[in-house]
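Undergrad: If you read the sequence shown in the numbering used here, its first letter stands for residue 522, the second for the next number, and so on.
We treat Cβ as the ideally placed atom computed from N, Cα and C, and that holds for glycine.
Bear in mind that the values here come from a model prediction, so they are computed numbers and not experimental data.
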Amino acid sequence: MTLPTKAYGTTGPTNPLAPITVERREPGKHDVFIKIHYCGICHSDVHQARGEWGNSIFPMVPGHEIAGTVERVGEAVSRFKVGDKVGVGCFVDSCRECSSCQDGLEQYCERGMNLTYNGYEKDGKTPTFGGYSTQIVVDENYVLRMPDNLSLKGAAPLLCAGVTTYSPLKYWQAGPGKRVAIVGLGGLGHMAVKLAAAMCAEVAVISHSPKKKEDALRLGAKKFYPSTNADTFTELANHFDIIINTVSVELDWNQYLNLLKRDGVMVLLGVPPQAPQVHAFSLISKRRSLVGSLIGGIQETQEMLDFCSQHGITADIEEISMEQCNGAYERMIKGDVQYRFVIDMLAFA
Numbered sequence: 522m523t524l525p526t527k528a529y530g531t532t533g534p535t536n537p538l539a540p541i542t543v544e545r546r547e548p549g550k551h552d553v554f555i556k557i558h559y560c561g562i563c564h565s566d567v568h569q570a571r572g573e574w575g576n577s578i579f580p581m582v583p584g585h586e587i588a589g590t591v592e593r594v595g596e597a598v599s600r601f602k603v604g605d606k607v608g609v610g611c612f613v614d615s616c617r618e619c620s621s622c623q624d625g626l627e628q629y630c631e632r633g634m635n636l637t638y639n640g641y642e643k644d645g646k647t648p649t650f651g652g653y654s655t656q657i658v659v660d661e662n663y664v665l666r667m668p669d670n671l672s673l674k675g676a677a678p679l680l681c682a683g684v685t686t687y688s689p690l691k692y693w694q695a696g697p698g699k700r701v702a703i704v705g706l707g708g709l710g711h712m713a714v715k716l717a718a719a720m721c722a723e724v725a726v727i728s729h730s731p732k733k734k735e736d737a738l739r740l741g742a743k744k745f746y747p748s749t750n751a752d753t754f755t756e757l758a759n760h761f762d763i764i765i766n767t768v769s770v771e772l773d774w775n776q777y778l779n780l781l782k783r784d785g786v787m788v789l790l791g792v793p794p795q796a797p798q799v800h801a802f803s804l805i806s807k808r809r810s811l812v813g814s815l816i817g818g819i820q821e822t823q824e825m826l827d828f829c830s831q832h833g834i835t836a837d838i839e840e841i842s843m844e845q846c847n848g849a850y851e852r853m854i855k856g857d858v859q860y861r862f863v864i865d866m867l868a869f870a
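1) Distance, Cα to Cα, VAL521 vs GLY604?
2) Using the C-alpha atoms, what's the distance from LYS699 back to ARG545?
3) Look at the alpha carbon of CYS815 and the alpha carbon of GLU547, and state the distance between them as a whole number of angstroms.
4) Report yes if the CB atom of CYS681 is closer than 8 Å to the CB atom of GLY610, and no otherwise.
5) Would you mind sorting PRO540 into buried or exposed? The rule is 16 or more other CB atoms within 10 Å of its CB.
6) With a threshold of 16 other CB atoms inside 10 Å of the CB of GLU805, please say whether the residue is buried or exposed.
7) Going residue by residue through the region 776-821, where are the continuous beta strand (DSSP E) segments of at least 3 residues, counting only ones entirely within it?
8) Rank PHE754, PRO731, LEU690 and ALA722 by C-alpha distance to the C-alpha of GLY741 and give the top, closest one.
9) Between ALA737 and MET667, how many whole angstroms is the CB-CB distance? I'm expecting something under 8 Å.
10) I want to know whether the region 714-732 touches the region 689-699 - three or more CB-CB distances under 8 Å.
11) How should ASN759 be labelled, buried or exposed, when 16 other C-beta atoms within 10 angstroms of its C-beta is the threshold for buried?
12) Can you list, in chain order, the residues of its chain with a C-beta nearer than 8 Å to that of PRO664? Leave out the 5 residues immediately preceding and following it.
13) Could you give the DSSP three-state label for GLU586: helix, strand or coil?
14) Just the Cα atoms here: how many angstroms apart are TYR629 and CYS622?
15) Below 8 Å on the Cβ atoms is my contact criterion, and I expect ASP566 with GLY595 to pass it. Report the Cβ-Cβ distance as a whole number of Å.
16) Could you spell out where the alpha helix (DSSP H) holding GLY708 opens and where it closes?
17) From this set, GLU631, LEU671, LEU778 and SER615, which residue's C-alpha is nearest GLY642's C-alpha?
18) Looking at the secondary structure, which residues open and close the alpha helix (DSSP H) in which LEU690 lies?
19) Give the range of the beta strand (DSSP E) segment to which CYS619 is assigned.
20) Would you call the region 842-851 in contact with the region 815-824, where contact means no fewer than 3 C-beta pairs closer than 8 Å?
21) For the putative contact between SER654 and ILE727, defined by C-beta atoms under 8 Å, what is the C-beta separation to the nearest angstrom?
22) Let me know the secondary structure DSSP gives GLU642 once reduced to three states.
23) What are the start and end residues of the alpha helix (DSSP H) that includes THR755?
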């Protein structure tokens with residue numbers, strides 16, 4: 522048995538998002554049946570829906586920042602009950618056996634995590650469909666508990682933008698006495714500022730848009746530096762302990778690496794269209810590191826949600842209807858959102 526589900530998706534890379542019906546499985550004994558209330562729009566949704574990364578599976582229903590409530594649970598489910606506020610992030614399963622899964626780092630699963638959309642279930646043939654839909658069925662081990670004191674609409678983007686920035690800030694020990702620069706103030710960047718500030722790091726924002734200075738300071742940054750000003754890169758040489766690079770445009774990474782102190786680290790979260798060149802001297806002259814980071818595992822994502830609960834952190838959002846998604850995609854490409862679109866799925870139902 523399957524469950525017909527109303528959704529918004531696309532049948533090809535040049536086609537707009539439009540209403541479609543997809544099939545969800547009937548909940549098994551370990552499954553949680555979730556009524557979706559809100560779903561955030563990640564920039565990766567645009568890339569995937571338009572086939573820009575070369576691995577798109579159509580038809581596609583995007584969405585991996587899912588917040589809702591439990592409608593039903595399987596007979597063996599012990600972690601959740603009907604009525605619980607829950608979330609689903611970027612993946613809905615993994616092999617559970619490899620060293621990464623055993624270490625609670627399912628995002629690095631050696632066999633490949635089962636993505637929430639644009640992927641396949643564990644049988645390797647049933648496509649997964651994401652959160653631009655009215656309901657979803659997920660194994661309880663891959664469902665997150667949403668904090669009661671946070672609104673579902675504001676917390677939905679935490680399932681991707683939140684944990685994507687929390688994970689490297691925690692791993693590279695952002696905190697008191699650490700100078701942290703956030704490159705780019707968009708969906709990821711604004712979360713990075715909020716989280717790093719809550720960790721008591723000294724936070725600065727580097728952005729090409731001077732008009733974002735007021736927002737950067739409001740979100741928790743102590744300093745704002747325009748990347749369009751050449752003096753920024755001379756005045757801040759050897760200054761930061763950590764740089765979180767959230768942008769997906771082409772930058773001169775050497776310029777930014779030179780802003781790091783000895784043993785500093787620049788973490789890449791965005792994916793530029795072309796591979797930038799890095800000069801060895803940008804790294805070896807100060808024992809600097811250039812690294813990457815990918816979302817977070819289930820345990821760390823829950824930890825991030827609890828951290829946000831303690832500090833009252835949610836995303837700055839613009840709530841939209843399902844029918845506004847195509848326009849929202851165009852606005853995202855232009856950077857015209859402060860700072861995350863969130864779809865009201867209840868209105869679509």
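TA: For this structure:
1) Residue 521 lies beyond the residue range present for the chain, which begins at 522 and ends at 870; the question has no answer from this structure.
2) When the Cα atoms are used, ARG545 and LYS699 turn out to be separated by approximately 46 Å.
3) According to the sequence displayed, residue 815 carries Leu and not Cys. The straight-line gap from Cα to Cα measures roughly 31 Å.
4) It is a contact, given that the beta carbons lie within the stated cut-off.
5) Counting the other Cβ atoms within 10 Å of the Cβ of PRO540 gives fewer than 16, which makes it exposed.
6) A small correction: the amino acid at residue 805 is Ile; Glu does not occupy that position in the sequence shown. ILE805 comes out exposed.
7) Those beta strand (DSSP E) runs which fall completely within the region 776-821 and span 3+ residues are 781-789 and 810-813.
8) When only C-alpha atoms are compared, the closest one is ALA722.
9) So it is not a contact: roughly 27 Å between Cβ atoms.
10) Result yes; three or more Cβ-Cβ pairs closer than 8 Å.
11) Counting the other CB atoms within 10 Å of its CB gives ASN759 a total below 16, which places it among the exposed residues.
12) A quick correction: the sequence has Val, not Pro, at residue 664. Taken in chain order, the residues that qualify are VAL553, ILE555, ARG600, PHE601, VAL607, GLY608 and VAL609.
13) GLU586 falls in the coil class under three-state DSSP.
14) Taking the CA atoms as reference points, TYR629 sits about 8 Å from CYS622.
15) Contact flag wrong, Cβ pair sits at about 29 Å.
16) Where GLY708 is concerned, the enclosing alpha helix (DSSP H) stretches over 708-719.
17) Looking at the sequence shown, residue 642 is not Gly but Glu. Nearest option by C-alpha distance: SER615.
18) For LEU690, the uninterrupted alpha helix (DSSP H) run begins and ends at 682-692, by DSSP.
19) Neither: CYS619 is in no beta strand (DSSP E) and is coded neither H nor E.
20) Taking 8 Å as the limit for Cβ pairs, the verdict is that the region 815-824 does not touch the region 842-851.
21) No, SER654 and ILE727 are not in contact; Cβ-Cβ is about 37 Å, not under 8 Å.
22) GLU642: coil per DSSP, three-state reduction.
23) Where THR755 is concerned, the enclosing alpha helix (DSSP H) stretches over 752-756.
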